[in-house]
Amino acid sequence: MIRLQNVCKNYGGTPALSNVNLHIGLGEFAFLVGPSGAGKSTLMRLLYREEVPTSGNVLISGVNLNRLSKGQIPLLRRRLGIIFQDFKLLNSQTVFNNVAYVLRALGVDEREVGKRVGSALAVVGLEHKRDSYPTELSGGEQQRVGIARAIVNGPPVLLADEPTGNLDPATSLEIVQLLERISQRGTTVLISTHDQPIVNAMRRRVIALKKGEVVADVDNGYYELEMA
Amino acid sequence: MLRAIRIFNRVCVETLLGLRASGWSNWLVVSILAIALTIFGCVLQVTMTLKNLVNAWGNQIQISAYLAEGADPKKVAHEISRFPEVKQVEIVTKDVAWNEMQHTFKVASIENPLPNTLHVKLSSPDQVEVLAPKLRLMSAIENVRYPLKVAKKINDVRHFLELAGLFVTTALSAATLVVIGNTIHLVIKARHKEIEILSLMGVGHLYIKCPFVFQGAVYGACAAIMASVVLVGLHLYIDPYVKDQLLSLAPALTQNLEYSMGQTAVLMAILGVVVGAGGSLWTSGRYIKI
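Same order as they appear, the protein sequences are chains A and B. So the number in the numbering used here is just where the residue sits in the first sequence, counting from 1, plus 117. So the number in the numbering used here is just where the residue sits in the second sequence, counting from 1, plus 35.
Here is the structure:
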């Protein structure tokens, strides 16, 4: 599903990623761990084609992202769900409208929008908050809205960039467990984090980055500080 | 098809949201653009009216061709009328000319010394120096005379007016582009979160940029309407005065010299929408990185 082949990324001569090789299969759930500056965000940005590698190939569902034209990037992103640390919600819109926002922009029929948004909100357990505004929600609830928006289009891949960075430990665990449940339905989930307790509580695949290199890739793994 | 209509509908909604988000700056942009368009409309009206006046004067310019002894005026006139620069050829026979001269100056009874003459009117006054040498080359024509200095002056004035109009319009359009660009930049800044979400969730570039381009076009259309209203008011107010002045300047000219208000309004609308949409397109291309 996700494959990186000898990927390097430099910023003005400074390497952010060096010779990264990685494969994450369909329906897999993995953590991408490492301290700040390890290259986690760079790798995530390569996956949603916000950046292009200096060398090497990034493939999603067999499509080489290096070869995508500017016009094809939106088509790739429609097959990805992206979750952000800062939620990126529109405070002037209700929960329902936040989740429906992109569907409407894509020209989806209003009845279909209602159905899909209702279903996404049910998955994250926020049906009862559909008419609330983001400012009326807790941090955990706001991140659930972000997750609902990411899954509303039924993407085969979910990328979560530090999704628990702004949340307390208990809420963080709930959010990651929610993402795990989504993964069990066949969605590939990659979570970038440096939240050690959460990673260790889940015991799933752990890919550790250090100074732009993969230093560990372990199933049912732990995030040990010495990795970093 | 239905999907395209729904997307267009959303783009219109986003445009309205953008206009709402811009608040008072909408009025600022429309007012500045309306002022620029009003000046453009005034310049256009004045230059075109003057151009028409200059053209009408120019149309009075004619070349007098004096025919050689024995040349058939009708035959030569027919030949000349085939030149593309010629609008009309009038034959003044030597007898008619002599009679007129005798009547005017009370000349003594001598043998008629005047040649047959052709008065050649031009399709455009700036063609005088093209046609005159052609006429000189004709064997049936002995001499050619025309008011060269007047013709040159008229052409100079016309060219100056065209250049001045072009310069003023370009300068105003550039100033307006900057104002619109700044406003759209502010809107883009205010809506950066929406733009980022749409971009990262796979919405096309066209959808993201279209509302800003539409917003610029709306500014242009509103400004053109305001400018047209102002221009019609000005027109009604100063029209009688201008007509009097034109008549005193050129009493012999009977045609309507004024440039059409309808055409001016249409040109202002086109310029307003093009400048508005163009400025927005340029700004959105510069500041929205997808």
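Glycine included, each C-beta is placed from N, C-alpha and C at the ideal position.
For A325 of chain A against V150 of chain A, the beta-carbon gap comes to about 5 angstroms, under 8 angstroms, which counts as contact. Residues of the stretch 180-214 of chain A whose Cβ lies closer than 8 angstroms to any Cβ of chain B, in chain order: K187, G188, I190, P191, L192, L193, R194, R195, R196, L197, I199, K205 and L207. Beta-bridge annotation (DSSP): F148 of chain A is paired with A:I308 and A:V323.
Within the stretch 180-259 of chain A, the complete beta strand (DSSP E) segments of 3 residues or longer fall at 197-200, listed in chain order. The C-alpha of L221 of chain B is placed about 49 angstroms away from the C-alpha of D336 of chain A. Your pair S158 of chain B and V121 of chain B checks out as a contact, with CB atoms roughly 7 angstroms apart and the cut at 8 angstroms.
Taking the Cα positions, F249 of chain B is about 32 angstroms away from R184 of chain A.
For D130 of chain B, the enclosing alpha helix (DSSP H) stretches over residues K129 to F140.
With contacts defined by Cβ atoms closer than 8 angstroms, V241 of chain A and A265 of chain A form a contacting pair.
Put simply, the CB of A155 of chain A is far from chain B, with every gap to its CB atoms at 8 angstroms or more. By alpha-carbon distance to Q298 of chain B, the top candidate from B:S66, B:F43, B:C77 and B:V131 is B:C77. Against chain A, the CB of K228 of chain B has a partner CB under 8 angstroms away; the residue lies at that interface. By the C-beta density criterion, D107 of chain B is exposed, having fewer than 16 other C-beta atoms within 10 angstroms. By DSSP's assignment, T152 of chain B forms a beta bridge with B:Y101 and B:V127. Taking a cut-off of 8 angstroms for Cβ pairs, the stretch 259-279 of chain B and the stretch 222-229 of chain B do not touch, as fewer than three such pairs fall below it. DSSP places R41 of chain B in the helix class (H, G or I) of the three-state scheme. Per DSSP, the continuous alpha helix (DSSP H) segment holding T318 of chain B begins and ends at M296 to Y322. E125 of chain B counts as exposed, since fewer than 16 other C-beta atoms from the protein chains shown sit within 10 angstroms of its C-beta. Within the same chain, Cβ atoms closer than 6 angstroms to the Cβ of A300 of chain B are found at S263, the five residues on either side in sequence being excluded. When the Cα atoms are used, V179 of chain B and Y101 of chain B turn out to be separated by approximately 6 angstroms. Non-local beta-carbon contacts of E177 of chain B in its own chain, meaning distances under 6 angstroms to residues more than five positions away in sequence, involve Y101 and A103 in chain order. The beta carbon of N151 of chain B lies closer than 6 angstroms to those of L102, P108, T128 and K129 in the same chain, with the five residues before and after it left out.
The C-beta of R41 of chain B comes closer than 8 angstroms to at least one C-beta of chain A. Taking a C-beta distance under 8 angstroms as the contact criterion, F148 of chain A and Y340 of chain A qualify as a contact pair. For V175 of chain A, the enclosing beta strand (DSSP E) has its first and last residue at S172 to I177. In this structure, B:A259 is the residue among B:P275, B:A259, B:K324 and B:M296 with its C-alpha nearest to the C-alpha of G311 of chain B.
Here W133 of chain B is actually not in contact with L153 of chain B; their C-beta atoms are around 16 angstroms apart, not less than 8 angstroms. Taking C-beta atoms as the reference points, R166 of chain A and L182 of chain A count as a pair closer than 8 angstroms. Contact between M161 of chain A and S309 of chain A holds: their C-beta atoms lie close to 5 angstroms from each other, under 8 angstroms. Inter-residue distance for T304 of chain A and I42 of chain B is about 28 angstroms (C-alpha atoms, whole angstroms). Under DSSP, C125 of chain A takes part in a beta bridge, and its partners are A:S172. Taking 8 angstroms as the cut-off, the Cβ atoms of A267 of chain A and G198 of chain A count as close. For the stretch 237-249 of chain B, the beta-carbon criterion of a distance under 8 angstroms to any beta-carbon of chain A is satisfied by G237, V238, G239, H240 and Y242. The bridge partners DSSP lists for A277 of chain A are A:I200 and A:I308. In the DSSP assignment, R298 of chain A falls within the alpha helix (DSSP H) that extends over P286 to Q301.
Contact between the stretch 70-87 of chain B and the stretch 193-208 of chain B is present, with at least three C-beta pairs closer than 8 angstroms.
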